[in-house]
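Those protein sequences? They're chains A and B, same order as listed.
Every letter in the first sequence is one number past the one before it in our numbering, and letter 449, counting from 1, is 449.
Count along the second sequence starting at 1, add 608, and that's the number in our numbering.
We put the beta carbon where it would ideally sit given N, CA and C, even for glycine.
Some notes on the structure that comes next.
There are 2 protein chains.
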Amino acid sequence: MEFKHNVRDLKFILKEWLPMDEIFSLDKYKEYYSSDDVDTILTEGYKIAKEMISPLNVVADQNPCELVNGVVKNPPGFKEAYQFLQLNGWGSVNEVVGQEGGMPLALYKAVGEMISAACPACNTNIKLSAGAANLIVKFGTQEDKKRFLPKLINGDWQGTMNLTEPSAGSDVGDALTRAIPTDNPRIYKIKGTKMFITAGDGDMCENVIHMVLARPTNGCQGSAGLGLYVVPKYWVDEEGNTTTKSNDVTTIGVEHKMGLYGSATCMLNYGENDECYGIMLGKAPDEQGRSKGLAMMFNMMNESRIATGHNANCQSSAAYSFSSQYTTERIQGYIGKERVPIIKHADVRRMLLDMKACTEGIRAMIFKGFWFIDIAEYSPDKDNKKAALDFEAILTPLIKCYSSEKNLSLTAEAIQVLGGVGYTKEYPVEQYLRDSKILTIWEGTSFIHGQDLVGRKMTMENGAPFKKWMGDIKTFIDANKNAEGLSREMQKLEKTYLAAEELMNLVYSWHANKAEKGKFLNLYAIKILMVFSELYVANCLLDQAVTAQNTIKNLPPDHYDLKFYKGKVQSARYYVNTYLSATIAAVEDIKSEDTSVFDIDEEVLVVS
Amino acid sequence: MEFKHNVRDLKFILKEWLPMDEIFSLDKYKEYYSSDDVDTILTEGYKIAKEMISPLNVVADQNPCELVNGVVKNPPGFKEAYQFLQLNGWGSVNEVVGQEGGMPLALYKAVGEMISAACPACNTNIKLSAGAANLIVKFGTQEDKKRFLPKLINGDWQGTMNLTEPSAGSDVGDALTRAIPTDNPRIYKIKGTKMFITAGDGDMCENVIHMVLARPTNGCQGSAGLGLYVVPKYWVDEEGNTTTKSNDVTTIGVEHKMGLYGSATCMLNYGENDECYGIMLGKAPDEQGRSKGLAMMFNMMNESRIATGHNANCQSSAAYSFSSQYTTERIQGYIGKERVPIIKHADVRRMLLDMKACTEGIRAMIFKGFWFIDIAEYSPDKDNKKAALDFEAILTPLIKCYSSEKNLSLTAEAIQVLGGVGYTKEYPVEQYLRDSKILTIWEGTSFIHGQDLVGRKMTMENGAPFKKWMGDIKTFIDANKNAEGLSREMQKLEKTYLAAEELMNLVYSWHANKAEKGKFLNLYAIKILMVFSELYVANCLLDQAVTAQNTIKNLPPDHYDLKFYKGKVQSARYYVNTYLSATIAAVEDIKSEDTSVFDIDEEVLVVS
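Okay, here's the thing in structure tokens:
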């Protein structure tokens, strides 16, 4: 069974659906890329994903990262893949802000999608190096950039993000790691233990550059007191070369997990021998002991969170792809007197269309997110920039949470399509379920994102950006009410919109009466997020369907690509007719303000 | 973290909710068991599950079954556990029909639930021996019973069921395994390959007794041509002793799976050297080449299917139990200025109540099933027997499919409660997700059960039993409309009932117009099954809530058990207010008769 990806849909997004010209014409890109490059880049990226990356996925599952003599050993082939991608322009360079020659994000992410689908653990390493580099780009001095960026981007080094500690998980503000001033005002001694550090060590690179949250000696309590420090595994000289001097960072454990064995989840000790040093990003604490460490870390979070949602959808897509191939090969059951491949059975087709519609719809939402990120970063127009930044902020929790939650049922469905063999390691499908379950927890749990939506994103600027976002959906509905062959679906979208609007007002009324009703914001946070996600995914799918219908009109009836466009319409139709009744129903449930969760005694909630 | 189980709920079911007196007063049981024995038996069973069985679960995950020199090696401790349970009356003896001293099924299954929750792979072995023994009880001669039953039940031997072959999965009728007549009319030579045979070999017992579907030489094509044969691994003499003569059954492989490592999933070769013999159950083929092999096998299926649904709920319950314990230990986040255990957070409480309500509701439905099985088997009253048999038949697909499908989100939710550590093997939760994913496929995939419901169970006797089943739900609603503190929930149940009734009529109209509408029966089979399952689970939970409310009335306000009863009411309230709007919405979706699944071209359903 070969790795295959829905490249046609990526091309549709980049060449027919998203207004990519607005991106290609930005100063950052206009001299390097145009719409004409899309096909070539996707073809080349697909080849790499298929030939170089996809074989690594099962290798990683069979050869988990392990700690050997204090150093993490990555699965065979990971080093070569990492260095190839970084050196040849398929890696971090595209995600690090302001790098000359980087691709537009949506274009690069189309390639990243294929690499991630082919081997999720492999792409994570690229992403983390980019994340670390971006912190230095945004908050480092000129010297820091010269010192750290080239090798973080060219594949010589790898980067990490260190937030979690044994007693500081969702509540990062409880971190105990300390930063002790030295004679050099920008250099601190670092001391503490970090856990769940993805790619916290490895043998792919000559050095690992850790971005570490720690509390300076005069830092205040809580998250406001945390500073951000660049802590290399081996000390780096000012020219940006790795020295032989160990920086006293010790890997004390690698987690044994449900999946994603190719990605080392490390526990790291900083300064066991009092010899660990970090370079401060940003400023020293103010008189109240406040640093901006967490705020800086979060500055990069939107993109990481969208990337996590994207990772989930990549895995769903890969699982769908493998299972869909199986349905044409596996002969089982009869239609009339003939034994048939299982794709002929209604329920199998239903599962395939379900996976198709959901992965396409979520992909559409995610690529909208990437589009907004590029406009927000590089648009010369202040208003455009602001609007894009707002929409990116609103979409972030939706993408992260909806995609990763949906992923569980989609990868499970892929197993179901295969039946018994889907549960075995003979086929690559079950691995995707195991590998991806972490994604509802990474970069903030689903609840954190629900809370982010209802508590922050819906209320910023008194709700003006969120109402504008809702208004755009309404505008789409008004403009396309009578879209050919889609009027029933447009009606349903409108009904869903009205329910969501009611929900929005309910959320605002809870905010206005927080003493009495505030508890419902937390209780229903995820459910509320799901409503707006489904509304938006349906909107994206119907928008794509309208685009497809317009193309169909101009195609001869025997055109080779007609099936693809009709398939886009059917994806939209299926999603709307399968999910939106439940979306509307969810609003009903939320309106019930049922208090059983609060009323019940803890003693009977816990099995004892 | 210790294994704990919701024993209080089992006692509630057996002593306060189900009319168990009808069971205890049956001739089969009245001299052995009464309601007074429930506490003692559950206490003892819980002790065994906790102390002997639960430690085996992680042992199995770390020491998977493997094929060593042609013999399957079970994880350490499995042999001792199997023999202990079988020898001491905690095993197959309770499930094999007509065995003197066996417990009422619902009572035994309460113990089985704890054993299965403690170590799912372990309990599967017991179940399979019982299944094999039951086929001999129902279809064997007196000689067969004498020869095979004692040691299948006492732990000396283990049993298996052999249906699947490499090219015959969901469509068993395509089986290629042959049965060739010999001089002895009841003995056939068996030749063929069977796959996915659970516990197909092992080192727990001196012999393995396989129940094998095979096609006799003069058997017709399709499932009607299959006969059923008892095929021991070592030949068994007429006195019921294992001989040293190998019966030419070879284990040629053990599957590497996503989970359930403690259960060997085997590929078996029968008659590689032409020296494999099986004893025929039932009759030789008739003139048309028809045997009743599959029908006999299916005779035992209802119970196996309910057991699979039960297994799923046991796993959900165990995952819930472990995760609930974690919420009181793990300190994270603040309420006001105080750091709190995570059970204080609304979203964590929501997840706990979700798992509580769902596992309790599904448990209630399953134990109704066990209750009906006992009445159907042993009631002296023909009408009661018939009604129980009908209801058992209707509940079977609901229990199997709904419980196993729901299990995925419940075990995933348990992981989510733990956060990052939930994804690691440090806690026992992720194993339950991996172990249980197979249960939507075992004993017929979810679709097979949807089809069973809409194609067979809803239509048997022109729908009379199904309408009676629906009528009982209506009767409950009418009788309890004004139940104290539950009127809003009863209204919602009624609304759901009305939607389900509409759906029932729609299904019948599709049957009546099969040429045009028949395709929707397959398309929506699972979704239809979900509607009736959720209706019934809500009915069971509200029925339990009414029972609890009646008890509450008579309890002093400081009674130690008051919380439990209030918790039952809250489970019902939560389930109704969280799930039933979507149930009603699902009926809306089904009514849409959306044809996109049929319209879409196969070429775009398959990623290529």
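In the structure shown, the three-state DSSP call for T424/A is strand. Between V1037/B and G1028/B a beta carbon distance of about 12 angstroms is seen, past the 8 angstroms cut, so the two are scored as non-contacting. Beta-bridge partners of G835/B (DSSP): A822/B. Boundaries cannot be given for V1215/B, as no alpha helix (DSSP H) includes it and DSSP labels it neither H nor E. Here L389/A has A376 as same chain residues with Cβ atoms under 6 angstroms from its own Cβ, once five neighbours each way along the sequence are excluded. Contacts with chain A at 9 angstroms (Cβ-Cβ) include M866/B. Under the Cβ distance rule, D383/A does not count among the residues neighbouring chain B, no pair being separated by less than 9 angstroms. DSSP, read as helix, strand or coil, puts Q332/A in strand.
In this structure, A214/A sits near A179/A, with a CB-CB distance shorter than 9 angstroms. One alpha carbon belongs to E1142/B, the other to V604/A, and they sit about 23 angstroms apart. S854/B is bridged by DSSP to Y842/B.
In the same chain as N1113/B, and ignoring 5 residues on each side of it, no C-beta atom comes closer than 8 angstroms to its own. Around the CB of L784/B, fewer than 16 other CB atoms lie within 10 Å, so the residue is classed as exposed. Taking a beta-carbon distance threshold of 9 angstroms, G450/A counts as an interface residue toward chain B.
DSSP places P1073/B inside the alpha helix (DSSP H), whose first and last residues are 1072-1088. E303/A and C401/A have their C-alpha atoms spaced approximately 14 angstroms apart.
Judged by beta-carbon spacing, V93/A lies beyond the 9 angstroms limit of A49/A, meaning their Cβ atoms are not closer than that value. DSSP places Q766/B in the uninterrupted beta strand (DSSP E) bounded by 765-770.
A check of alpha carbon separations from F370/A across E360/A, D594/A, F391/A identifies F391/A as the nearest.
By the 16-neighbour rule on beta-carbons within 10 angstroms, V507/A is buried. Contact check for Q315/A against Y432/A passes: the beta carbons are separated by less than 9 angstroms. E338/A sits in a strand when the DSSP states are folded into three classes.
Looking at the DSSP output, V676/B sits in a beta bridge with V679/B. From the beta-carbon of A657/B, no residue of chain A is found nearer than 7 angstroms; the closest lies around 13 angstroms away. Non-local C-beta neighbours of T851/B in its own chain, meaning closer than 8 angstroms and more than five positions away in sequence, comprise Y842, W843, V844, D845, ordered along the chain. Cβ-Cβ distances below 7 angstroms link I373/A to L105, E303, E392 in the same chain, with the five nearest sequence neighbours on each side left out; the list follows chain order. Taking 9 angstroms as the CB threshold, V597/A lines the interface with chain B.
By the 16-neighbour rule on beta-carbons within 10 angstroms, E44/A is exposed. Using a Cβ-Cβ cut-off of 9 angstroms, N1158/B does not count as an interface residue toward chain A, since no Cβ of chain A sits closer than that to its own. For the set Q707/B, E703/B, A726/B, A725/B, the Cα lying nearest the Cα of L715/B is the one of E703/B.
Between the beta-carbon of I744/B and that of K753/B there is about 6 angstroms, and that keeps the pair under the 8 angstroms contact cut. As DSSP reads the structure, K799/B sits in a beta bridge with R786/B.
If you look at N877/B, you'll find it in the beta strand (DSSP E) that goes 873-878. Here the C-alpha atom of E113/A lies approximately 50 angstroms from the C-alpha atom of D1151/B.
For Y277/A, the enclosing beta strand (DSSP E) begins and ends at 277-281. Take the alpha-carbon of T411/A and the one of A319/A: they are about 6 angstroms apart.
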